[in-house]
Amino acid sequence: MKKLSAFAVIFVILLSLVFSGCGYEYAELNLRAEYARDLEGTTLTVYNWGEYISDGSDGMLDVNREFEKLTGIKVNYLTFESNETMYSQVKNGGVNYDIIIPSDYMIQRLLNEEMLAKIDTSKLSNYDLIDEQYKNVYFDPNNEYTVPYNVGMVGIIYNSSVIKDIEHSWKVLWDKKYKDMALNFNNPRDAFMTAQMILGFDLNSANKSDWDKAAELLKEGKPNLQAYVMDEVYGKMETGEAAIAPYYAGDYLTMAETNPDLKFFYPQEGTNIFIDSVCILKNAQNYDAALMYINFLLEPDIATANAEYIGYASPNTAVIDNENYYYYGNEILYPKKENMPKVQYYHDIDDEIRSYYETLWIDVKLD
Amino acid sequence: MKNKSFGSRLIAAPYIVWSVIFIVVPLIIMFYFALTNESGVFTLANLASIGKYKKAFGISVLYAAISTLITLLLAYPMAYFMTKLKVSSQRMLMMIVMIPMWMNFLIRTYSWITLLANTGIINTFLGKLGLGPYKLMYTPGAVILGMVYDFIPYMILPIYSVLSKLDKSLLEAAEDLGSNGFTKFKRVILPLSKPGIISGVTMVFVPSVSTFYISQKLGGNKTMLIGDVIEYFFNLGPTYYNVASAISLVLMVMILICLFVMNRFSDDDDGGVII
Amino acid sequence: MKTLSRIYVGLIIFFLYAPVLVMIAFSFNESSSVWVFSGFSTKWYTGLLTDTTMLTALEHTLIIAVLSAVIATVIGTAAAVGILALRNKIAQKLVMSVTQIPMMNADIVTGISLMLLFIFFGKLLGLNESLGFFTVLIAHITFNLPYVILSVMPKLKQTDSRLREAALDLGCTPVQAFFKVILPSISTGIATGFIMAFTLSLDDFVISYFTCGHYQTLPIIIYNMTKKSVTPDTYALSTIIFVVIFVLLIFYNILQNKSEKSSKKGFGK
């Protein structure tokens with residue numbers, strides 16, 4: 001029984017850790033909109049990408065805490081790492097979410113499956129800040145269901161201290177010169193994109209043989225790769241463990257802060273552009289709080305903090321036109337018209353083709 | 001007397017109800033999923049599609065078998081030497097072997113990346129000696145190393161507990177009858193430690209064959225073990241629950257067969273073995 | 001031979017502890033890398049106190065571990081007594097076989113099958129949310145139970161059945177007989193079962209992964225972190241847990257050795 005008392009001691013020590021104080025200081029915010037406290041005490045569940053909100057680390061603004069302080073609504077904040085994981089969680093009915101922030105093609109799929117609630121943008125006093133070019137997009141032509149959160153494009157990051165001269169093409173991932181130095185995406189849609197671009201295919205091809213050819217190309221390139229990774233790419237590129245990786249432009253900017261040797265380009269074959277937008281689920285438990293939260297995310301101060309923390313391009317004019325914004329006029333995030341790469345959006349593909357490429361991905365891995 | 005024993009049987013009732021609802025019923029539901037399609041119609045298509053993943057099954061069994069063998073070869077001498085020590089040091093060593101098991105296994109696995117990476121500790125050290133860098137990470141070897149490392153305490157402990165209970169007089173008898181060290185080991189010690197070996201092998205093989213974390217972190221996602229395939233499908237959404245259930249079912253049957261084969265080697269049927 | 005075996009034991013211990021040492025070293029890293037050591041700092045330890053996500057997860061982990069271990073110990077001990085009292089040997093064997101399923105099965109299979117069950121019941125009951133605190137708790141109790149039963153049962157078998165009968169003859173009710181006679185003689189088995197249950201629950205990742213919903217435990221948070229770049233704060237938390245356990249166990253061990261020595265001396269006199 002002595003062991004039991006030992007465990008009781010551990011328990012007490014650890015619990016005292018749990019309940020000791022917290023040290024985040026609230027910021028002084030200039031807000032455009034009014035926020036009522038009539039929903040005080042309710043909970044709002046937000047399901048977002050990992051590292052996709054300013055969270056108070058490194059002395060930056062903690063968006064969720066500020067919202068809680070302002071409205072008295074408790075934010076239950078959870079993260080996912082791919083559109084597919086998010087979909088799986090939302091769909092299986094095991095858990096409930098109010099707000100989700102998926103990408104374009106996944107929003108299209110959720111709309112087809114009638115899982116999203118309408119958002120009345122006239123109730124969002126900050127909606128006028130959204131740049132016109134991100135309104136009426138293909139997955140939400142009448143701006144009924146989504147509010148844009150971030151915009152991004154995929155490019156290639158390389159370490160200029162190891163690689164001096166590099167061809168601006170997706171082919172570098174297949175180049176034997178860079179054997180064991182290159183990484184690729186560990187998710188089928190993005191990994192297939194790198195091959196589809198080389199082959200000049202439509203990213204949303206309904207033709208199985210296109211996907212077969214892309215899979216063959218991926219298999220061919222596999223021995224050249226060090227690994228397939230997602231966010232682990234940060235550590236690998238920052239430390240020089242790997243030297244070339246395709247990833248999202250915004251993440252490159254964050255990595256370059258740590259390792260200035262890292263350089264970036266958009267491949268000449270073209271690339272994928274995406275919009276991640278805020279949506280409210282049909283079975284949301286706290287719809288009004290969700291609207292309030294979305295309006296809060298659009299606040300200039302909040303949107304700027306998020307844009308600076310995340311490093312992705314913002315669709316919010318209050319951010320883009322703000323000269324004090326850290327990435328103001330950044331050429332990678334906001335390329336001038338003449339430098340804009342050829343881009344394609346992902347669209348939702350019909351069930352058959354989707355499950356075809358999702359299974360092909362296993363073939364690539366098992367090859 | 002009858003009533004009293006009825007009473008003591010009755011106190012098992014909560015457990016029996018519990019085990020039916022939370023052990024038996026979930027397996028039945030999994031069976032149901034494996035044998036139906038998304039809209040609940042009976043089909044054998046899920047089970048038929050498993051042929052596509054035979055390579056994943058193959059690699060999983062191969063990696064798990066190799067790592068179980070290595071674990072056994074490393075753990076047996078360790079357990080044996082432990083029994084030769086003073087009783088107090090034995091207990092201390094037991095603790096020392098067990099303590100890493102209290103660390104979160106994800107962290108234990110992840111720390112290996114710091115050791116094995118191209119810019120990691122081992123390669124940096126070798127670099128100072130003018131060697132390398134060697135490619136240690138993202139190889140089958142790294143995955144097997146991860147399995148051996150994560151599960152070796154589960155092999156040491158049962159073997160040690162059997163060896164430490166060996167009847168000393170048996171060993172003396174063997175010596176009296178003229179056995180030398182090796183024959184004594186082969187004829188007496190090894191057969192007697194079989195139950196420990198079997199439970200150790202089980203406890204290492206089962207988690208190794210079904211893991212999905214170790215292969216992802218130390219294998220760099222370049223191949224898929226069967227656990228990875230199940231996890232991949234699970235994360236794609238409910239459409240795939242049927243296939244995922246079918247693969248899980250086959251995995252379960254496969255493990256049971258392996259355990260069955262292993263149990264044939266043991267005559268020990270203490271405590272009700274399933275098979 | 002003796003030195004050789006010592007070296008071998010030393011090497012295995014080194015193997016077991018190398019990653020632990022790495023973890024401890026990097027928990028004191030100045031920069032946020034767990035790859036490159038750039039200087040000594042304790043900032044990750046102080047930073048831990050403000051990391052609400054991790055602390056909430058730790059709280060969840062401890063709550064689940066304590067509750068599931070306690071409940072599993074109570075139900076499991078009762079079950080062990082009841083199962084041994086079964087006179088139908090086939091029924092007994094059947095119950096024991098079912099008991100072994102969670103131990104023999106791969107965690108991923110147990111996890112998925114439980115998840116399917118919870119979602120199925122959730123839909124049946126029209127619940128808005130079927131995964132959460134209760135489902136992780138149930139899952140943990142389920143995989144803890146066999147370990148408790150298998151720790152208690154051997155001790156029960158060793159207990160002389162005549163003891164209970166004697167107690168009954170002396171006027172104890174069956175309940176009194178259980179608490180006064182049987183329970184003390186199986187207490188070590190119960191304690192072992194409880195500790196195993198607690199440990200398993202603390203470390204479980206796979207089954208929680210499939211059943212926890214929003215109620216995320218520490219291993220789930222750590223899993224999410226290792227999907228990105230792990231920062232030394234995870235290492236710092238693990239180091240604290242490691243050191244606490246290490247010190248307590250070593251201390252306990254020394255005490256035990258001392259008490260044994262003194263009792264031996266007592267016999268000598």
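Chains as they are written, first to last, in our numbering: chain G, 1 to 367; chain W, 1 to 275; chain A, 1 to 269. Just so you know, even glycine gets a beta-carbon here, dropped at the ideal spot from N, CA and C. Note that the structure is predicted; figures quoted are calculated from it, not measured.
Check: Q108 of chain G at chain W interface by Cβ criterion, 8 Å; Outcome: no
Check: Same chain only: Cβ atoms within 7 Å of V143 of chain W, ignoring 5 sequence neighbours per side; Outcome: Y63, I214, S215, L218, G219
Check: Sequence ranges, alpha helix (DSSP H) only - wholly within the region 188 to 261 of chain W, length at least 4; Outcome: 194 to 210, 213 to 219, 226 to 234
Check: Expected contact under 8 Å - CB spacing of S130 of chain A and G94 of chain G to nearest Å; Outcome: 5 Å
Check: Segment contact, 8 Å Cβ cut-off, at least three pairs: the region 221 to 228 of chain G with the region 182 to 195 of chain G; Outcome: yes
Check: Buried versus exposed call for Y26 of chain G [16 or more other C-beta atoms within 10 Å across all chains shown]; Outcome: exposed
Check: M115 of chain A and T211 of chain A closer than 8 Å at C-beta; Outcome: yes
Check: Inter-residue Cα distance where the pair is T254 of chain G and P219 of chain A; Outcome: 27 Å
Check: C-alpha distance - A307 of chain G paired with N48 of chain G, whole-angstrom precision; Outcome: 15 Å
Check: Span separating the alpha-carbon of T199 of chain A from that of D107 of chain A; Outcome: 15 Å
Check: Near-chain G residues of the region 125 to 138 of chain A (beta-carbon distance less than 7 Å), N- to C-terminal order; Outcome: N128, E129, S130, L131
Check: Same chain only: Cβ atoms within 6 Å of V229 of chain G, ignoring 5 sequence neighbours per side; Outcome: L183, N186
Check: Contact list for A227 of chain G against chain W, beta-carbon separation under 7 Å; Outcome: Y138, G220, N221, K222
Check: Alpha-carbon to alpha-carbon, P315 of chain G and K337 of chain G; Outcome: 16 Å
Check: Beta carbon proximity, S164 of chain W to chain A, threshold 8 Å; Outcome: no
Check: Between the CA atoms of S164 of chain W and R6 of chain A - distance to the nearest angstrom; Outcome: 18 Å
Check: Run of the beta strand (DSSP E) containing A313 of chain G, from where it starts to where it stops; Outcome: Neither: A313 of chain G is in no beta strand (DSSP E) and is coded neither H nor E.
Check: Cutoff 8 Å; reference R187 of chain W; Cβ partners in own chain excluding five residues on either side; Outcome: A174, S179
Check: Top-ranked residue by Cα proximity to V250 of chain W, from W:L35, W:M95, W:L129; Outcome: W:L35
Check: Identified DSSP bridge partners for T46 of chain A; Outcome: According to DSSP, T46 of chain A bridges with nothing at all.
Check: Where N324 of chain G falls, given that 16 or more other Cβ within 10 Å makes a residue buried; Outcome: exposed
Check: Counted within 10 angstroms of its Cβ, other Cβ atoms place L129 of chain W as buried (16 or more) or exposed; Outcome: exposed
Check: Where Y421 of chain G meets chain A, residues with beta-carbon distance less than 7 Å; Outcome: In this structure chain G extends from 1 to 367, so residue 421 of chain G is not present and cannot be described.
Check: N-terminal and C-terminal residue of the alpha helix (DSSP H) that I182 of chain A is part of; Outcome: Run containing I182 of chain A: none; DSSP gives neither H nor E here.
Check: Start-to-end residues for the alpha helix (DSSP H) that takes in S88 of chain G; Outcome: 83 to 91
Check: Chain W contact for Y17 of chain A (CB, 8 Å cutoff); Outcome: yes
Check: Straight-line gap, K184 of chain W to M94 of chain W (C-alpha atoms, nearest Å); Outcome: 25 Å
Check: Endpoints, beta strand (DSSP E) assigned at T68 of chain W; Outcome: Element bounds for T68 of chain W: not the beta strand (DSSP E) but the alpha helix (DSSP H), 54 to 83.
Check: Alpha helix (DSSP H) segment containing Y17 of chain A, residue limits; Outcome: 2 to 26
Check: Supposed close pair N118 of chain W, P133 of chain W - CB separation, criterion 8 Å; Outcome: 5 Å
Check: P279 of chain W at chain A interface by Cβ criterion, 8 Å; Outcome: Since the first residue of chain W shown is 1 and the last is 275, residue 279 of chain W is not available in this structure.
Check: Residue-chain proximity (F198 of chain A, chain W), Cβ-Cβ < 8 Å; Outcome: no
Check: Classification of F14 of chain A by the beta-carbon crowding that lies within 10 angstroms, buried from 16 upward; Outcome: exposed
Check: Rounded separation between G51 of chain W and S208 of chain W - CA only; Outcome: 21 Å
Check: Limits of the alpha helix (DSSP H) - the one that N64 of chain G falls within; Outcome: 63 to 71
Check: 8 Å Cβ cutoff, G40 of chain W in contact with chain G; Outcome: no
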